[in-house]
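Using our numbering, you'd call the opening residue of the sequence shown number 19 and step up by one each time.
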Amino acid sequence: MAGTNARQPLLQLLRGPSGKLWEVCIGLEVHAQILSRSKLMSGATAATLSSARPNRHVSFFDAALPGTLPVINRECVHQAVRTGLALNATVHLRSLFERKHYFYCDLPLGYQLTQQRAPVASGGMLHFDVLASAII
19 MAGTNARQPL LQLLRGPSGK LWEVCIGLEV HAQILSRSKL MSGATAATLS
69 SARPNRHVSF FDAALPGTLP VINRECVHQA VRTGLALNAT VHLRSLFERK
119 HYFYCDLPLG YQLTQQRAPV ASGGMLHFDV LASAII
């Protein structure tokens with residue numbers, strides 16, 4: 019439809035070895051840094067570019083000392099809820115942090131905290147236009 023502003027979906031179908039058609043669907047995992055004065059799971063001050071010297075912003079929890087527990091930063095939760103609302107996501111009344119175990123030398127706890135199964139918000143979307151000339 020030339021001359022209209024109607025959005026045309028970009029649809030790409032590929033034929034597999036069996037002859038079946040497959041729709042190409044690409045998902046993005048986007049990470050954003052929250053502007054906060056302290057870390058998400060500890061009371062330690064969040065490092066800035068000017069203060070990012072090694073071992074200057076470490077709490078007992080960050081250092082994985084036995085018996086220390088995380089303390090969530092409420093401002094970060096508020097910002098996560100606001101982000102979910104801005105993206106028209108479903109904001110859940112209950113969310114959980116779970117341990118995802120890794121054994122890396124730079125991860126003293128031996129795990130990362132994740133919200134894979136019960137996030138603060140889910141199902142949101144962000145609409146954006148892709149210029150056809152940018153597609154190769």
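Note that beta-carbon positions come from the ideal geometry of N, C-alpha and C, so glycine has one too.
Touch test, the region 66 to 84 against the region 106 to 115, Cβ-Cβ under 8 Å, three pairs minimum: Not touching, per the Cβ criterion.
Cβ distance (whole Å) where Glu41 is taken to contact Leu29 below 8 Å: Beta-carbon to beta-carbon, Glu41 and Leu29 are separated by about 7 Å, close enough to satisfy the 8 Å threshold.
Bounding residues of the alpha helix (DSSP H) (the contiguous stretch that carries Thr63): Where Thr63 is concerned, there is no enclosing alpha helix (DSSP H), given that its DSSP letter is neither H nor E.
Classification of Ser36 by the beta-carbon crowding that lies within 10 angstroms, buried from 16 upward: exposed
For Ala139, the residue or residues it bridges with in DSSP: Val109
Endpoints, the beta strand (DSSP E) within which Glu47 is located: Per DSSP, Glu47 belongs to no beta strand (DSSP E) and is neither H nor E.
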